[in-house]
Amino acid sequence: MPELPEVETVVRTLRPEIVGKSISAVWTSGIALRMAKRLDVAVLQRECVGATIKAVRRRGKYILIDLQRGATRSAGILVHLGMTGRLRVQPQRELRVKHTHVVWALARKQEVRFVDPRRFGWVQAAPDLDALPEIQALGPDPLSDLDAGELRDRLAVSHAPIKAFLLDQHRVAGLGNIYVCEALFRAGIHPTTQARRTQGKAALLMQAIRDTLQLAIANCGTSFRDFVDSTGAPGKNIEALLVYGREGENCFQCQAPVRRAVHSGRSTFYCGNCQIR
DNA sequence: AAAACACCCTGCCTGC
DNA sequence: TGCAGGCAGGGTGTTT
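In our numbering, the protein residues as written are 24 to 300.
#1: Could you have a look at ARG141 and say whether DSSP puts it in helix, strand or coil?
#2: Output yes or no for whether 8 Å exceeds the beta carbon distance between VAL102 and ILE86.
#3: Secondary structure at ALA98, three-state DSSP: helix, strand or coil?
#4: From this set, CYS204, PRO257 and VAL281, which residue's C-alpha is nearest ARG289's C-alpha?
#5: For the region 179–198 against the region 129–143, do three or more pairs of beta-carbon atoms, one drawn from each stretch, fall closer than 8 Å, so that the two count as touching?
#6: Just tell me which of VAL112, LEU56 and ILE299 has its CA closest to the CA of PRO214.
#7: Which class does ALA128 belong to by DSSP, given the choice of helix, strand or coil?
#8: Indicate whether PRO307 and GLU173 have their beta-carbon atoms separated by less than 8 Å.
#9: Note the first and the last residue of the continuous beta strand (DSSP E) segment covering LEU118.
#10: Work out the CA separation of VAL79 and LYS44 for me, nearest whole Å.
#11: Counting C-beta neighbours from all protein chains within 10 Å, is the total for GLU272 16 or more, i.e. buried, or is it exposed?
#12: Excluding the 5 residues preceding and the 5 following VAL281 in the sequence, name in chain order all residues of the same chain whose CB lies nearer than 8 Å to its CB.
#13: Distance check for GLY223 and ALA279, CA to CA, integer angstroms please.
#14: Taking 6 Å as the limit between beta carbons, can you name the residues of its chain near ARG81, skipping five residues before and five after?
#15: With C-beta atoms as the reference, is ALA10 less than 8 Å away from ALA171?
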């Protein structure tokens with residue numbers, strides 16, 4: 024399940040493999056992706072073919088691939104991995120696996136492939152990625168644009184449960200179900216606490232979020248089933264998880280069994296002793 | 001208005 | 001062994 028650390032891992036492995044290379048062709052499966060929406064093949068072809076890859080970066084859970092077209096014109100490719108999306112760099116001769124939806128051909132018979140069995144992901148090309156509404160709408164990135172003061176101000180005006188607050192990409196960008204559970208455990212905050220009632224713990228929560236994400240990035244992401252980086256390697260962070268996926272097992276702090284409940288339609292793992300309302 | 005819920009989708013797992 | 005049903009949760013659109 025790609026969240027910020029998994030997306031960051033893909034960006035870091037992708038960057039040295041593709042920056043500086045040029046795209047000679049684009050292929051798409053023609054199958055609709057997120058929200059049953061079809062890719063705009065014409066725009067993808069127009070912006071990508073003949074372009075050189077200038078940079079690979081991340082905003083929240085989005086991957087942004089910056090392109091240079093000639094001396095003056097730039098463009099970019101936006102990729103969201105959804106639940107099961109993968110970006111891989113592979114030799115052209117390797118067979119394309121089932122559910123391959125987009126392929127960019129590079130020099131030296133290399134290809135960048137977007138594979139997504141559940142099709143919750145998204146790919147699009149555009150002249151200016153940062154101007155796209157989905158990027159504009161993102162909240163601050165917790166590793167670069169968010170500090171405890173800003174977080175406190177945002178918490179202060181929300182009546183939503185803290186878990187729903189942190190999952191909302193418009194408020195803070197990059198956290199998903201796994202790392203929200205982990206950060207709330209580290210901060211000792213119960214997932215159903217109203218966001219504005221956690222204001223006093225903003226600094227603690229901010230640090231918990233940073234620690235959680237940085238550890239996961241150091242471990243190259245969490246691989247339950249699907250996640251691999253652009254070279255095909257899984258992450259090692261599953262061993263570092265404190266509560267997520269540990270229902271019934273002992274809390275590392277107090278030994279009470281870790282509980283699971285459904286909040287906002289998502290499984291929440293937490294310790295009823297260590298996390299208070 | 002903001003919060004909650006339904007939906008998109010496939011693969012894996014459980015239970016009959 | 002086969003198959004139905006439940007579950008996983010990114011984001012978006014709709015309802016409450």
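Built from N, CA and C at the ideal position, the CB exists for glycine as well.
With the structure as the only source:
#1: coil
#2: yes
#3: strand
#4: CYS204
#5: no
#6: ILE299
#7: strand
#8: An answer regarding residue 307 cannot be provided, because it is not within the stretch 24 to 300 covered by the chain.
#9: Segment: none, LEU118 is in no beta strand (DSSP E) and carries neither H nor E.
#10: 12 Å
#11: exposed
#12: VAL266, ARG269, GLU270, GLY271, GLU272, ASN273, CYS274, PHE292, TYR293 and CYS294
#13: 26 Å
#14: VAL30, GLU31 and VAL34
#15: One cannot answer for residue 10 here, as it falls past the ends of the chain, which runs 24 to 300.
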